[in-house]
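Peer 1: If you count by mature numbering (1 follows the signal peptide of the UniProt record, and there is no 0), then the sequence shown holds residues -18 to -1, 1 to 214, one letter each, in order.
In this text, a Cβ means the ideal position worked out from N, Cα and C, and glycines have one as well.
It should be emphasised that the depicted structure is a prediction, and the values quoted were computed from it without experimental measurement.
I have a structure here, written as structure tokens, and I will follow up with some questions on it.
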Amino acid sequence: MKIIVLLVALLGLTYTGADSTDGVNYFIWCTYKAIDDGIPSIPIPKHNPLVIRNISFELDQPLLKVQFNATNNVLYDLLNATFKELNVTDYHDPEKVKIDYDLYWPLLNLTGDYSFYYKVPFVDAYQVNGSYNILLEHTDWTGYLGFVEPGQANVTSEVDEFTLASAVKSVEVSIDGFNGSYIESTIQEAIYFAFNNFPSSAAETLRVDRFNEYWLGSSERMQAIFDNCKED
């Protein structure tokens, strides 16, 4: 997700006054460089691969106790993305740019380890440890974003439009430790459904909280990204 987040944020500082093609190419390159190198001060971790924080869940009730932990989670191939579509349109009064995009990954691979504990009264506790491997093949993020350029009188510079739709062609899940394929197929179907049914509210949350407040609202974060662009 940070790829699109940074693309939009960088647009606010690179696009104004530049040729459309040059401006777009520059902030794409700058974004990829930031997430490839990593910038700890902001912080942006390295994404090649991306280490994801541990995930824990616990339910402790009189008749049921469940503990789940996912550790050593690593996402591979995040930077092996291409734009199948990137169309830029300029608008005036106010000055604004709109980008239609299709960001494509041929493969995304998430791996890690897990532990699962289950206990009900009068029955022996059940515990299993193992590893998991998730493959997402042919993933597309599509939509458009609109950015109102800075430096205009009585106009707020912001991302005023953003949509995000996701589609994945196939999902494969392998789990070491559980017997049978029911768990694998259930998780596989859940991931497939989630990646093909992004809610519209997710895009609006990104537009308000991440793009406009977190990134465009912080000159220090943006300056750190541009400083990293200048380092070869």
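(1) Nearest CA to the CA of L118: which residue from F129, D95, N161, Q170?
(2) Starting from K28 and walking both ways along the alpha helix (DSSP H), at which residues does that stretch end?
(3) Tell me whether T187, by its Cβ, gets closer than 7 Å to a heavy atom of the ligand ATP.
(4) Near Y58, which residues of its chain fall below 6 Å by C-beta distance, leaving aside the five closest residues on each side in sequence?
(5) Going by alpha carbons, who is nearest to E186 out of Q134, L46, L146?
(6) Between which two residues does the beta strand (DSSP E) holding E131 run?
(7) Under 8 Å, with one C-beta from each stretch per pair, do the segment 123 to 130 and the segment 82 to 90 reach the 3-pair mark?
(8) Could you tell me which residues DSSP pairs with D122 in its beta bridges?
(9) Could you check which residue in N178, K28, Y100 has the C-alpha nearest to that of Q43?
(10) State yes or no: is the C-beta of D95 within less than 8 Å of the C-beta of T53?
(11) Quick one: does N54 have its CB under 8 Å from some CB of chain C?
(12) Take the Cβ of E67 as the centre, count every other Cβ of all protein chains shown within 10 Å, and call the residue buried at 16 or more, exposed below.
(13) What's the gap between the Cα of N55 and the Cα of Q109?
(14) Under a three-way DSSP split, which group does E195 fall into?
(15) Whose C-alpha, out of Y8, A149, A184, G159, is nearest the C-alpha of N115?
(16) Exposed or buried, what is W197 when buried is set at 16 or more other beta-carbons lying within 10 Å of its beta-carbon?
(17) In this structure, what does DSSP give as the bridge partners for E143?
Peer 2: Well, looking at it:
(1) Position 136 of the sequence shown, counted from the first residue, corresponds to residue 118. When each option's Cα is compared against that of L118, the closest is Q170.
(2) For the purposes of this step, residue 28 is identified with residue 46 of the sequence shown, where counting begins at 1. Counted as a single uninterrupted DSSP element, the stretch harbouring K28 is not any alpha helix (DSSP H), since DSSP gives it neither H nor E.
(3) With respect to the ligand ATP, the structure offers nothing, as it holds no ligand at all.
(4) Taking the first residue of the sequence shown as 1, we reach residue 58 at position 76. Taken in chain order, the residues that qualify are P31, N91.
(5) In the sequence shown, residue 186 corresponds to position 204, counting from 1. Across the set Q134, L46, L146, the C-alpha of L146 shows the shortest separation from the C-alpha of E186.
(6) What you label residue 131 is simply residue 149 of the sequence shown in a count that begins at 1. Note, E131: premise wrong, no beta strand (DSSP E); not H, not E.
(7) Contact between the segment 123 to 130 and the segment 82 to 90 is present, because at least three Cβ pairs lie under 8 Å.
(8) Residue 122 sits at position 140 when you count from the first residue of the sequence shown. D122 pairs with Y86, A149.
(9) In the sequence shown, residue 43 corresponds to position 61, counting from 1. The shortest Cα separation from Q43 among N178, K28, Y100 belongs to Y100.
(10) Here residue 95 refers to the residue found at position 113 of the sequence shown. Here residue 53 refers to the residue found at position 71 of the sequence shown. D95 is a Cβ neighbour of T53, given a cutoff of 8 Å.
(11) Within the model displayed, chain C is absent; a lone protein chain is all it includes.
(12) For the purposes of this step, residue 67 is taken as the residue at position 85 of the sequence shown. Per the 10 Å Cβ criterion, exposed.
(13) Working through the sequence shown from its first residue, we reach residue 55 at position 73. Working through the sequence shown from its first residue, we reach residue 109 at position 127. Going by the C-alpha atoms only, they are around 20 Å apart.
(14) As a working mapping, residue 195 is identified with position 213 in the sequence shown. Helix.
(15) Counting from one through the sequence shown, the residue named residue 115 turns up at place 133. If we check each option's Cα against that of N115, G159 comes out closest.
(16) Numbered from 1 along the sequence shown, position 215 holds the residue referred to as residue 197. Of the residues assessed, W197 falls on the buried side of the cut-off, its CB having 16 or more other CB atoms within 10 angstroms.
(17) Here residue 143 refers to the residue found at position 161 when the sequence shown is read from its first residue. G128.
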